Amino acid sequence: MKGVSYLTDQNNQKKAVVIEMSTLEKYTNELEDLLDGIIAESRKNDEKVPLNKVISNLKKSGKLK
Numbered sequence: 013m014k015g016v017s018y019l020t021d022q023n024n025q026k027k028a029v030v031i032e033m034s035t036l037e038k039y040t041n042e043l044e045d046l047l048d049g050i051i052a053e054s055r056k057n058d059e060k061v062p063l064n065k066v067i068s069n070l071k072k073s074g075k076l077k
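Using our numbering, the letters of the sequence shown map in sequence onto residues 13 to 77.
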């Protein structure tokens, strides 16, 4: 893909990606979706909180009416 380069180690294994700003700006929405997926995957084992408890806590803290 134009505007994307890979950094490799001594064994030619890809280790990092460098994305030019012009390419990054062109694919902003797709990259946001990718990052959302990465964050969701990293949190899959976090403690679950029922929605009604979240809503109740937000109301108590004044962050939700």
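We treat Cβ as the ideally placed atom computed from N, Cα and C, and that holds for glycine.
Predicted model, so just to flag it, every value in this text is computed and none were measured.
Distance CB(residue i)-CB(residue j) smaller than 8 Å
i	j	result
K65	T35	no
V29	Y18	yes
L70	L76	yes
Of the residues the options, the one placed nearest residue i, counting alpha carbons only
i	options	result
E32	G49, L63, V61, V16	V16
Length of the line joining the Cα atoms of residue i and residue j
i	j	result
T20	K26	4 Å
N24	D58	35 Å
G74	E44	29 Å
Return the chain-ordered ranges of every beta strand (DSSP E) run that is complete within the region 15–48 and spans a minimum of 3 residues.
Within the region 15–48, the complete beta strand (DSSP E) runs of at least 3 residues are 16–20, 26–31.
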